[in-house]
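Visitor: -2 is the number of the first residue of the sequence shown in the working numbering; add one for each residue after it. From the three backbone atoms N, C-alpha and C, an ideal C-beta is built for every residue, glycine too. Nothing here was measured: the structure is a model prediction, and the numbers come from that model. Here you go, one structure.
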Amino acid sequence: MSVERDMNDHFHDECGVFGVFDHPEAANLTYLGLYAQQHRGQESAGIVCTDGHSFHSHRGMGLVADIFHKSEIKELTGRHGIGHVRYSTSGDSGLRNCQPFSFEYAHGGISMCHNGNIVNAPELRKQLEQQGSIFQSTSDTEVLIHLVARSKAPTMPGRLSEAVRQLAGGFSLLVLVEKRLVGVRDRDGIRPLVLGKLDDSWVLASETCAFDLIGATYERDVEPGEMVVIEEGGLTSFKPLGNDCKPHFCVFEYVYFARPDSTLEGINVYKARYQIGVELAKESPADADLVIPVPDSGVPPAMGFAEASGIPFQMGLIRNHYVGRTFIEPKQSIRNFGVKLKLNPIRELIRGKRVVLVDDSIVRGTTSRKIVEMVRAAGAAEIHMRISSPPTKHSCYYGVDTPDANELMANKMDLEEMRKAIGADSLAFVSFDGMYRAVGKPREKHCDACFSGVYPVAIEGPRSPQLSLLKTFNKKR
Ligand code: SF4
């Protein structure tokens, strides 16, 4: 396994979006909105601004601060803007797949970006290509632009509604078109999309942490299946997918993806993570001297575990926040090099201690094994691994980059086999009940397919090796 892959033994944030309507500093605000959501995607970023006529766009590979400088922002004129940070989940990761995408069609300019996966995009694309459409990228978003362009509906909301009705999957979508900013959420509300106000301007983002940075106030979450159309006269809400959309919000947002200072679906992410730690301590206590988190997402549950168990909390692992994707590997192999780049134990704290190690998930298990080895080498007398999510047994098809199910440790091994494989003295995961008690919302309102295998939206096309299985699960649900 390469060092890079070793360091990325995690599910990955999919993408983040930000949009602003009618503000003199649209480009600057969009830049900041993306900057705050950089954790949702680090491969590429893009911003499109418009005054309603011409569209001004800049996109690039890398981090927001590296792609946009004063000179680029100055060129992005217009009072309306949308932006996107990307970690590729569909299509390749080259510049041609950077969002937002902008096109001219019969009704003028249109620009779009989305977070998530349109699971029937391959099927729709095939049909469109058979009917003569030509694609510039391999991204799902372009499929949607073609559907809008082909619609015969007389109004823009009508054209977009018609297009959205043909989509299946988990997605949150932003569109700039005809002096309007539009936000759409899939019928299950799998991916987040929040609505805020900055003075008289409306803003949309994947997470509320984007609002905090620009001084906007959070108004509400866009509802599952809702389309909000923001224009000069104000905001109008449509339900293009009907009134019976049932939420299945991604529970992994609370466990790992979202920033802890964000509030999603009315739940603060930090509080949810902390409470999961409390539940873990009640469900799977350990006789130990210290609780140590695997930073960063292990910190709040470790604090909750420490509080509930009365065992002191210590930052026994220090994370290097400046690890990039490119670095020089030593010629001579160094044991656990990849993990050491990112984490370093404080031996003076750990030596001779019985340690509870709290992490958010075990994916392939390679990183967990190396962290346990590292803490053991730092002198821990015992290591009790506690995980703030249930075992990750299945892949995600809704916009999160995940390994194939057969690469997931929990898919192949039972609890005892996993414990042995990572080398811990004990291993426990929070239960589904414990996780939902901590989140404070009912399980049926969430997607937890990567843990349970119960997929709220059936998958079709090449990304669906398990279609028949999924249909069976969905029937049971
Ligand atoms: Fe989130 Fe997992 Fe559902 Fe994907 S499968 S949307 S990561 S809960």
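I'd like to confirm something about Y433: is its beta-carbon nearer than 7 Å to some heavy atom of ligand 1, or not?
Guide: Mapped onto the sequence shown, residue 433 falls at position 436. For ligand 1, no non-hydrogen atom lies closer than 7 Å to the CB of Y433.
Visitor: Can you give the Cα-Cα distance for Y32 and E40, rounded to whole angstroms?
Guide: Here residue 32 refers to the residue found at position 35 when the sequence shown is read from its first residue. Here residue 40 refers to the residue found at position 43 when the sequence shown is read from its first residue. Looking at the two C-alpha atoms, the distance is approximately 13 Å.
Visitor: Residues bridged to T233 by DSSP?
Guide: Counting from one through the sequence shown, the residue named residue 233 turns up at place 236. Residue pairing of T233 in beta bridges, as defined by DSSP: V226.
Visitor: For ligand 3, is there any heavy atom lying closer than 7 Å to the beta carbon of I187?
Guide: Among the ligands present in this structure, namely ligand 1, ligand 3 is not found.
Visitor: Where do the N-terminal and C-terminal ends of the beta strand (DSSP E) with I384 fall, by residue?
Guide: Translated into the one-based positions of the sequence shown, residue 384 becomes position 387. Note, I384: beta strand (DSSP E), E379 to I384.
Visitor: Leaving out five residues on either side along the sequence, give the residues of the same chain with a beta carbon under 6 Å from the beta carbon of S365.
Guide: What you label residue 365 is simply residue 368 of the sequence shown in a count that begins at 1. For S365, where only same-chain residues beyond five positions count, the Cβ hits under 6 Å are I359 and I419.
Visitor: Just checking Y84 against ligand 1 - is the residue's beta carbon closer than 7 Å to any of the ligand's heavy atoms?
Guide: As a first step, residue 84 is located in the sequence shown; it is residue number 87 there, counting from the start. Every heavy atom of ligand 1 is 7 Å or more from the Cβ of Y84, so no.
Visitor: Could you check if K472 is buried or exposed, using at least 16 other CB atoms within 10 Å of its CB as the buried criterion?
Guide: As a working mapping, residue 472 is identified with position 475 in the sequence shown. Note that K472 scores 34 on pLDDT, short of 50, meaning its location in the model is unreliable; the coordinates nonetheless yield the value given after this. Exposed.
Visitor: Looking at G166 and ligand 1, is the gap between the Cβ and the nearest heavy atom below 7 Å?
Guide: What you label residue 166 is simply residue 169 of the sequence shown in a count that begins at 1. No, the beta carbon of G166 sits no closer than 7 Å to any heavy atom of ligand 1.
Visitor: Could you have a look at I289 and say whether DSSP puts it in helix, strand or coil?
Guide: Here residue 289 is taken as the residue at index 292 of the sequence shown, counted from 1. In this structure, I289 counts as strand in the three-state DSSP scheme.
Visitor: Could you check which residue in G230, E72 and M58 has the C-alpha nearest to that of E22?
Guide: In the sequence shown, the residue the question calls residue 22 occupies position 25. The candidate whose alpha carbon is nearest that of E22 is E72.
Visitor: Would DSSP call R83 helix, strand or coil?
Guide: Mapped onto the sequence shown, residue 83 falls at position 86. Strand, per DSSP.
Visitor: For D445, verify whether its CB is less than 7 Å away from any heavy atom of ligand 1.
Guide: Here residue 445 refers to the residue found at position 448 when the sequence shown is read from its first residue. It does: the Cβ of D445 is within 7 Å (strictly closer) of some heavy atom of ligand 1.
Visitor: For the 8 Å Cβ check, are there 3 or more pairs between the stretch 103 to 114 and the stretch 174 to 187?
Guide: yes
Visitor: Do I142 and F100 come within 8 Å of each other at the CB atom, strictly closer than that value?
Guide: The residue labelled residue 100 in the question sits at position 103 within the sequence shown. The residue labelled residue 142 in the question sits at position 145 within the sequence shown. Yes. Within cutoff.
Visitor: Just to confirm my understanding: we take Y102, look at its own chain, exclude 5 residues before and 5 after, and list those with CB closer than 6 Å. What are they?
Guide: Here residue 102 is taken as the residue at index 105 of the sequence shown, counted from 1. Around Y102: A146.
Visitor: Terminal residues of the continuous beta strand (DSSP E) containing L405?
Guide: As a first step, residue 405 must be located in the sequence shown, where it is residue number 408. Run containing L405: none; DSSP gives neither H nor E here.
Visitor: For I397, verify whether its CB is less than 7 Å away from any heavy atom of ligand 1.
Guide: Residue mapping note: residue 397 aligns to position 400 of the sequence shown, counting from 1. The question names Ile, yet the displayed sequence has Val at residue 397. Yes - ligand 1 has a heavy atom lying nearer than 7 Å to the Cβ of V397.
Visitor: Cα-Cα, which of I331, N114, F429 and G349 is closest to D475?
Guide: Beyond the ends of the chain as shown, which are -2 and 474, falls residue 475; an answer cannot be given.
Visitor: When every heavy atom of ligand 1 is checked, does at least one fall within less than 7 Å of the C-beta of V355?
Guide: Numbered from its first residue, the sequence shown carries residue 355 at position 358. V355: no, Cβ never under 7 Å from ligand 1.
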